[in-house]
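So the structure is just underneath, and the comments pick up after that.
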DNA sequence: ATGGCTAATCGCATTAGA
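In full-length UniProt numbering, the protein residues as written are 1 to 287.
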């Protein structure tokens, strides 16, 4: 099973990139962030195209900002929008919650697509909101089952200094502060593995590059899009990588997709572990 | 480097991203 997460920075403007990417990479489960669409607008733009490709859809959007989705062609059940007990942002004249999480059961996994609040600056009210939101996310994971849990998305935190291109460039900024990293560590301490870093412990791996200043061309990025998996799915990891090609070319998102291939589940609930005797041995991974 | 780009919005500038 192939699982992917991608902050598309507007699904509407990324439509000409997103559909060909689905055809090329053929992921079974996709976590999207920053769709920046209402549920109705997402459905109008994507439902037919996705259905034609075999994907069921759960979208949780609000319109102008945020917006997350799950696409799955291995089942999509028990959809939950938002986080239980998610914080309310109530400062500066704004009161409410954001569309930043959606959860569903796909191919035997309990998958949550997350768009963690940016935080803006460490002294901004949005920073505390970010930490409270991460607490609520941790509560969701604690209530779940490590055998099936996957949390994937834009964490808006670089786990270590090795996950940013130049640590001093982030002095005074969010994404690298001790409190954020502690919140991420607490989330992982519930039993979640950073699948890409586990696969590439010493490599320079980024998933986001600022549009400005030729950051992508110089590979001056950050690794803030993570796939966090419980023991079950983490133990099935066959491949984990960042699809840098999707960051190239015309009108890219500023984030690249992160992909993880999982071997078949040991109990066979995703598919047979071996092909039937009459079938030739597959040369490539079964989709 | 002081936001050097991108996106959404009734926009002709502002908000937001990270």
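Note that beta-carbon positions come from the ideal geometry of N, C-alpha and C, so glycine has one too.
Quick caveat: nothing in here was measured; it's all calculated off a predicted structure.
Length of the line joining the Cα atoms of residue i and residue j
i, j, result
"residue 107", "residue 202", "31 Å"
"residue 141", "residue 17", "32 Å"
"residue 286", "residue 237", "Residue placement at residue 286 is flagged as unreliable, the pLDDT there being 41, under the threshold of 50; the coordinate-derived value follows with that caveat. Those two C-alpha atoms are separated by around 15 Å."
"residue 163", "residue 58", "30 Å"
"residue 168", "residue 127", "20 Å"
"residue 105", "residue 136", "19 Å"
"residue 8", "residue 251", "11 Å"
"residue 119", "residue 22", "31 Å"
"residue 49", "residue 178", "43 Å"
"residue 166", "residue 46", "38 Å"
"residue 122", "residue 182", "14 Å"
"residue 233", "residue 200", "17 Å"
"residue 193", "residue 10", "28 Å"
"residue 97", "residue 91", "12 Å"
Under the three-state DSSP convention, the category residue i falls into
i, result
"residue 13", "helix"
"residue 247", "helix"
"residue 286", "Only weak support is given to the placement of residue 286: the predicted model assigns it a pLDDT of 41, under 50, and the question is left unresolved by the model."
"residue 91", "strand"
"residue 241", "strand"
"residue 127", "helix"
"residue 213", "helix"
"residue 2", "strand"
"residue 141", "helix"
"residue 54", "coil"
"residue 372", "Absent from the structure is residue 372, since the part of the chain shown begins at 1 and ends at 287."
"residue 205", "coil"
"residue 232", "helix"
"residue 111", "strand"
"residue 134", "helix"
Sequence-distant residues of its chain with Cβ nearer than 6 Å to residue i (five each side left out)
i, result
"residue 60", "68, 81, 99 and 102"
"residue 116", "155 and 156"
"residue 89", "129"
"residue 62", "99"
"residue 113", "31, 68, 70, 102 and 153"
Beta-carbon contacts of residue i that lie in its chain and below 8 Å, excluding the five residues immediately before and after
i, result
"residue 277", "Its pLDDT being 47, under 50, residue 277 is placed unreliably in this model, and the coordinates cannot settle the point."
"residue 139", "83, 84 and 85"
"residue 198", "234, 237 and 240"
Distance between beta carbons of residue j and residue i, contact taken as under 8 Å
i, j, result
"residue 146", "residue 231", "5 Å"
"residue 227", "residue 76", "About 18 Å; that fails the 8 Å criterion."
"residue 256", "residue 247", "4 Å"
"residue 72", "residue 55", "6 Å"
"residue 258", "residue 242", "6 Å"
"residue 94", "residue 149", "The pair is not a contact, with the Cβ atoms about 31 Å apart (cut-off 8 Å)."
"residue 14", "residue 253", "6 Å"
Contact set for residue i: own chain, Cβ-Cβ below 7 Å, skip 5 residues either direction
i, result
"residue 216", "209 and 247"
"residue 190", "138, 141 and 142"
How do the region 221-231 and the region 204-211 stand: do at least 3 beta-carbon pairs fall below 8 Å, yes or no?
Judged by Cβ distances under 8 Å, the region 221-231 makes contact with the region 204-211, as three or more pairs qualify.
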